[in-house]
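Every number in the working numbering is 25 more than the matching position in the sequence shown, counting from 1.
C-beta atoms are modelled at their ideal positions from N, C-alpha and C, and glycine is treated no differently.
None of the values given here were measured: they were computed from a predicted structure.
Here the structure is laid out as structure tokens; the discussion comes afterwards.
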Amino acid sequence: MAESAVFEFTTDRLHALTNLDELATRGTVRIALRDAGLDAKGVSRDQMEVVLDRVLPVMLERRGIEDADEVCVTIRGELRVFEGAAAASASPESFVARTRASR
């Protein structure tokens, strides 16, 4: 099973908004999820919102991201594209939403 669309979206946006490379971005989000008892394959929008609120800002600050709280608030707001969507959806609609949001 591949990672959830929510995980992919979050890592894409985090990569775009920070100076972290793609590998570091994906690893940081995976560790944050693990610390919260979650997995990248099945994380839902609601679960990711909690991680963005409580876990990820601290991890980003440790990695030298000065505006970590603001970055997480931005991504959390952008996760609205997943309202009403299945947690691990990899539908064409979710791909389009991710693509549009990263422009």
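Buried versus exposed, by CB contacts within 10 Å (16 or more), residue i
| i | result |
| --- | --- |
| Ala57 | buried |
| Arg105 | exposed |
| Arg101 | buried |
Boundaries of the alpha helix (DSSP H) in which residue i is found, first to last residue
| i | result |
| --- | --- |
| Ala57 | 47 to 60 |
| Val76 | 70 to 79 |
| Phe32 | 30 to 42 |
| Thr94 | Reading off the sequence, residue 94 comes out as Asp, not Thr. Looking at the DSSP string, the run of the alpha helix (DSSP H) that includes Asp94 is 93 to 103. |
Euclidean distance between Cα positions of residue i and residue j
| i | j | result |
| --- | --- | --- |
| Thr43 | Glu108 | 25 Å |
| Leu85 | Leu39 | 10 Å |
| Leu45 | Gly89 | 9 Å |
| Arg79 | Glu47 | 22 Å |
| Val83 | Ala93 | 8 Å |
Beta-carbon gap between residue i and residue j smaller than 8 Å
| i | j | result |
| --- | --- | --- |
| Lys66 | Glu28 | yes |
| Leu63 | Gln72 | yes |
Nearest-angstrom beta carbon gap, residue j and residue i [assumed within contact, 8 Å]
| i | j | result |
| --- | --- | --- |
| Val10 | Val68 | The question about residue 10 has no answer here: the residues shown for the chain are numbered 26 through 128. |
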